[in-house]
Amino acid sequence: MASEFKRTLVTAALPYANGPIHLGHLAGCYLPSDIYVRFKRLKGEEVAFVCGSDEHGMAITMKARKEGVSPREIVDRYHFMMRDALADFGIAFDHYSRTSSEAHHKVASDFFKTLYDKGVFEARQTDQYYDPEAEQFLADRYITGTCPRCSHDAAYGDQCEQCGATLNPTDLINPQSTLSGATPVLKATTNWFLPLDKFSDDLRRYITSHPEWKPNVYGQTLSWLDAGDGLQPRSMTRDLDWGVPVPVQGAEGKVLYVWFDAPLGYITAVQELKGQDWETWWKDPSTRLVHFIGKDNIVFHCVVFPALLMQHGGYILPDQVPANEFLNLEGQKLSTSRNWAVWLHDYLADFPGQQDVLRYVLTATMPETKDNDFTWADFQQRNNSELVAVLGNLVNRVMVLNHKFCGGRVPAPGSEPQDLEALAAVAIQSARVSEALEAFKFREALGHAMDLARVGNKYLADEAPWQTVKTDQARTEAILGVATQLVAALAAVFEAFMPFSAERIRVMLGGPPALTFADLAGTGPWVPVGTALGESALLFQKIEDDQVEAQRAKLHAASAANPTSMTETSTPLAPLAPEITFDQFAPLDLRVALVLEAERVPKADRLLKLTLDTGIDRRTVLSGIAEHFAPEDVVGRRVILLANLAPREMRGIESQGMILMADNPETGKLAFVQPDGDLPVGATVR
RNA sequence: GGCGAGGUAGCUCAGAUGGUUAGAGCGCAGGAUUCAUAACCCUGAGGUCGGGGGUUCAAUUCCCCCUCUCGCUACCA
Numbered sequence: 198m199a200s201e202f203k204r205t206l207v208t209a210a211l212p213y214a215n216g217p218i219h220l221g222h223l224a225g226c227y228l229p230s231d232i233y234v235r236f237k238r239l240k241g242e243e244v245a246f247v248c249g250s251d252e253h254g255m256a257i258t259m260k261a262r263k264e265g266v267s268p269r270e271i272v273d274r275y276h277f278m279m280r281d282a283l284a285d286f287g288i289a290f291d292h293y294s295r296t297s298s299e300a301h302h303k304v305a306s307d308f309f310k311t312l313y314d315k316g317v318f319e320a321r322q323t324d325q326y327y328d329p330e331a332e333q334f335l336a337d338r339y340i341t342g343t344c345p346r347c348s349h350d351a352a353y354g355d356q357c358e359q360c361g362a363t364l365n366p367t368d369l370i371n372p373q374s375t376l377s378g379a380t381p382v383l384k385a386t387t388n389w390f391l392p393l394d395k396f397s398d399d400l401r402r403y404i405t406s407h408p409e410w411k412p413n414v415y416g417q418t419l420s421w422l423d424a425g426d427g428l429q430p431r432s433m434t435r436d437l438d439w440g441v442p443v444p445v446q447g448a449e450g451k452v453l454y455v456w457f458d459a460p461l462g463y464i465t466a467v468q469e470l471k472g473q474d475w476e477t478w479w480k481d482p483s484t485r486l487v488h489f490i491g492k493d494n495i496v497f498h499c500v501v502f503p504a505l506l507m508q509h510g511g512y513i514l515p516d517q518v519p520a521n522e523f524l525n526l527e528g529q530k531l532s533t534s535r536n537w538a539v540w541l542h543d544y545l546a547d548f549p550g551q552q553d554v555l556r557y558v559l560t561a562t563m564p565e566t567k568d569n570d571f572t573w574a575d576f577q578q579r580n581n582s583e584l585v586a587v588l589g590n591l592v593n594r595v596m597v598l599n600h601k602f603c604g605g606r607v608p609a610p611g612s613e614p615q616d617l618e619a620l621a622a623v624a625i626q627s628a629r630v631s632e633a634l635e636a637f638k639f640r641e642a643l644g645h646a647m648d649l650a651r652v653g654n655k656y657l658a659d660e661a662p663w664q665t666v667k668t669d670q671a672r673t674e675a676i677l678g679v680a681t682q683l684v685a686a687l688a689a690v691f692e693a694f695m696p697f698s699a700e701r702i703r704v705m706l707g708g709p710p711a712l713t714f715a716d717l718a719g720t721g722p723w724v725p726v727g728t729a730l731g732e733s734a735l736l737f738q739k740i741e742d743d744q745v746e747a748q749r750a751k752l753h754a755a756s757a758a759n760p761t762s763m764t765e766t767s768t769p770l771a772p773l774a775p776e777i778t779f780d781q782f783a784p785l786d787l788r789v790a791l792v793l794e795a796e797r798v799p800k801a802d803r804l805l806k807l808t809l810d811t812g813i814d815r816r817t818v819l820s821g822i823a824e825h826f827a828p829e830d831v832v833g834r835r836v837i838l839l840a841n842l843a844p845r846e847m848r849g850i851e852s853q854g855m856i857l858m859a860d861n862p863e864t865g866k867l868a869f870v871q872p873d874g875d876l877p878v879g880a881t882v883r
């Protein structure tokens with residue numbers, strides 16, 4: 198498949214240094230990349246595997262500001278935390294770098310300078326939004342407003358998540374700073390833009406030359422080229438003081454856009470790893486470049502980064518970008534801000550030494566083609582009925598039988614037809630595993646590996662050495678010889694998926710040499726006959742109901758406690774709105790009203806039509822609460838009504854006022870604001 | 001209402017350029033067995049492949065309509 202390539206450079210998305218690593222990161226990116234790399238090494242191919250912390254960008258400066266520390270302190274904290282967590286799970290990077298290093302600053306700076314000197318960028322003086330209260334220019338992500346295309350009222354400055362439009366902050370209607378809540382003001386500044394629109398044809402040629410990409414990657418990438426007006430120029434610099442300074446005269450106070458500098462971290466990491474030889478890995482067309490990422494990164498790795506590489510010249514382009522979808526947790530999206538996550542360091546504290554159980558379960562439910570759900574019940578079941586019952590049990594019974602009947606040494610395998618058939622399964626299954634992994638089908642590959650353990654269990658049941666031992670010692674040893682070879686092969690077949698367990702199997706087998714997939718394609722032996730076996734130990738432990746229950750309880754407790762000030766990164770509480778005067782407040786006529794009737798509005802999912810008694814009149818008010826309350830739930834409630842709001846017609850019905858509701862930021866649920874005590878209908882609120 | 005994705009065994013999912021008895025793992029039932037973490041091995045039950053219509057010799061697979069689920073959206077939080 199990749200025969201024209203001599204070596205493979207594998208990158209895993211640089212994790213952003215503003216929080217720890219959770220199970221979604223592992224399943225989406227780090228685990229598949231690690232499995233792939235380990236597999237390639239087992240095939241004897243030359244591979245380099247790099248990653249590192251992504252440490253720039255405004256989100257980090259904001260977190261630092263919030264905690265009253267420097268950005269450096271933030272990135273140091275998470276850089277080491279992430280690096281260690283990934284290492285603890287056996288993610289075998291050849292090098293883990295970081296973008297705040299001097300080396301990376303030079304790489305990014307030089308890369309930018311080269312493009313600049315080539316005249317690739319278009320310098321544009323533009324009016325950018327500036328937050329007068331926070332005294333800084335605002336990153337796209339920190340401005341919200343109404344989308345000009347679909348009128349969504351919470352579009353971000355770079356993108357509208359509702360209609361998918363790519364935006365510039367100035368496109369937004371009614372912009373607001375999410376830093377201070379202030380209305381940002383326009384201020385002139387010069388930035389350097391990458392005219393992606395000019396590169397559309399090249400990009401299209403590049404992408405359509407890769408129809409083998411996964412449908413989600415290929416489709417989404419092309420849709421960016423085809424969408425609306427096509428690609429738009431993007432600014433590659435920002436007005437910010439944390440990042441790689443723009444290496445251009447007159448660019449003081451500006452840094453490279455984090456999405457410009459982050460992918461270059463892959464280059465820095467290879468330079469640090471390979472020294473002088475780095476160009477072999479980045480510029481020789483016989484090197485295959487593979488990016489493992491989550492689906493949120495597709496556009497940058499398939500459009501922006503290739504465009505940069507093309508314009509620079511001399512670099513190879515990504516040949517494969519096997520992006521995964523997202524992993525949910527117990528039916529809900531993982532969320533750092535809501536603390537709905539399983540952190541890697543937490544998992545290891547509760548399940549010490551059981552990295553492979555999580556690696557196995559996450560591989561078996563990997564979101565390869567669509568979003569998937571991780572549940573603790575599934576985790577328990579897969580551990581108990583697959584790892585313990587099928588794989589662990591086989592290894593254990595072979596060990597025990599060997600010690601019992603064969604003096605603890607590896608016996609010579611038999612050569613009856615059924616013996617040869619069982620041994621042949623190694624070549625067959627390992628070939629299937631190999632084929633699936635070459636195609637980035639990790640779930641399927643894992644299933645083929647587990648099938649080999651099933652072959653072993655069936656072989657033992659069929660041959661029953663505990664029976665033959667009563668009459669035929671030679672046959673007994675022959676059977677166990679076959680079974681032991683299968684176990685040795687299993688260590689190799691599972692190596693890429695569960696390296697810790699594979700190593701433990703090898704230790705139990707007396708430390709045979711590590712195998713390659715070429716070895717597995719043969720007929721063995723995979724552990725030398727006569728080798729003295731080591732101590733037998735259980736490979737996997739059963740997981741009991743109370744452990745699973747404890748994990749679920751922990752998850753919900755952490756979510757409920759939701760220490761937003763500690764973990765908040767993406768969806769903070771709504772910022773304080775701009776100051777108003779009493780004179781601006783006074784005109785509001787707020788009063789207590791009683792809901793007399795309520796009914797759903799046809800063809801509107803959210804609207805309830807309410808009939809209210811305000812004390813002075815009866816009126817109809819439409820309220821967008823149908824998703825949270827049934828009509829019968831609201832009849833008889835006393836509510837707070839904004840009574841002098843101008844009437845507005847929706848769905849052909851005139852709404853005469855507005856009910857006040859509170860929005861629970863944790864759950865997103867609406868709640869009534871209710872008058873305390875026995876306030877009469879018509880009472881005013883001030 | 002609109003856009004997108006999807007509805008295949010109790011559960012999680014494969015699959016089918018349309019063509020003999022639609023698959024896997026788990027779960028369940030029965031059997032066998034005892035080397036093994038009551039695990040393993042065998043057998044079985046269980047599906048009108050969401051519903052209806054169309055094209056076709058033949059559709060679960062193609063087309064249309066409907067329905068339900070999920071995400072987002074239009075609609076005063």
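The first sequence runs 198 to 883 under the working numbering.
Don't be surprised by glycine CBs; every beta carbon is placed ideally from N, CA and C.
In chain order, V607 and A609 place their CB closer than 6 Å to the CB of V726, counting only its own chain and leaving out the 5 sequence neighbours on each side. Around the beta carbon of L383, fewer than 16 other beta carbons lie within 10 angstroms, which makes this residue exposed. DSSP, read as helix, strand or coil, puts P722 in coil.
Annotation for S627: no beta strand (DSSP E) segment contains it, though the alpha helix (DSSP H) segment containing it runs P614 to E635. One thing to note: G653 has its Cβ within 8 Å of the Cβ of A680. Apart from sequence neighbours up to five positions away, the residues of its chain that approach T720 with a beta-carbon distance below 7 Å are L620, ordered along the chain. For R834, no alpha helix (DSSP H) encloses it, and the DSSP letter there is neither H nor E. For R280, the number of other beta carbons within 10 angstroms of its own is at least 16, and it is reported as buried. Put simply, of F236, M847 and T778 the residue whose alpha carbon is nearest the alpha carbon of A689 is F236. Around the CB of T778, fewer than 16 other CB atoms lie within 10 Å, so the residue is classed as exposed. The beta-carbon distance between F290 and F334, rounded to whole angstroms, is 35 Å. This is too long to meet the 8 Å contact definition. Bridge pairing for R703: absent [DSSP]. Judged by their CB atoms, L736 and R701 are nearer to each other than the 8 Å cut-off. Residue range V455 to K471 is occupied by the alpha helix (DSSP H) that includes G462, with no beta strand (DSSP E) assigned at that position. According to the DSSP assignment, N654 belongs to the alpha helix (DSSP H) that extends over F639 to E660. Taking C-beta atoms as the reference points, L223 and E527 fail to come closer than 8 Å. Counting only runs of at least 3 residues, the segment 508 to 563 fully encloses the following beta strand (DSSP E) elements, listed from N- to C-terminal order: 515 to 517 and 524 to 526. Taken through DSSP and simplified to helix, strand or coil, M278 comes out as helix.
Assigned with DSSP and collapsed to three states, G491 falls in strand. Nearest in C-alpha terms to E660, of all of L687, Q626, L617 and R640, is L617. Secondary structure of C248 (DSSP, three-state): strand. Excluding residues up to 5 positions away in sequence, L649 and V652 lie with their Cβ nearer than 7 Å to the Cβ of A622 in the same chain.
Spanning the alpha carbons of G316 and Y454 requires a straight line of approximately 18 Å. By the CB criterion at 8 Å, D575 and N525 fall outside the cutoff. By the criterion of a C-beta distance shorter than 7 Å, R238 is surrounded in its chain by V244, once the five residues flanking it on both sides are discounted. Ranking R788, K667 and G589 by CA distance to the CA of M705 puts G589 first.
Restricting attention to G221, P872 and I288, the CA atom closest to the CA of I232 is found in I288.
Between F694 and Y544, the gap from beta carbon to beta carbon reaches 8 Å or more.
In this structure, the beta-carbon distance from A843 to T811 does not fall below 8 Å. Using a C-beta cut-off of 8 Å, the segment 506 to 522 makes no contact with the segment 258 to 271, since fewer than three inter-stretch Cβ pairs fall below that distance. Straight-line spacing of the CA atoms in V595 and K739 works out to 19 Å. An exposed status is given to E851, since fewer than 16 other beta-carbon atoms sit within 10 Å of its beta-carbon.
DSSP, reduced to helix, strand and coil, places A823 outside both helices and strands of the structure shown, so it counts as coil. About 16 Å separates the beta carbons of F308 and H498, which is beyond the 8 Å limit, so they are not a contact pair.
Contact between E469 and F390 fails: their C-beta atoms lie close to 30 Å from each other, not under 8 Å.
Scanning R401, E565 and D493 for the CA closest to the CA of K411 turns up E565.
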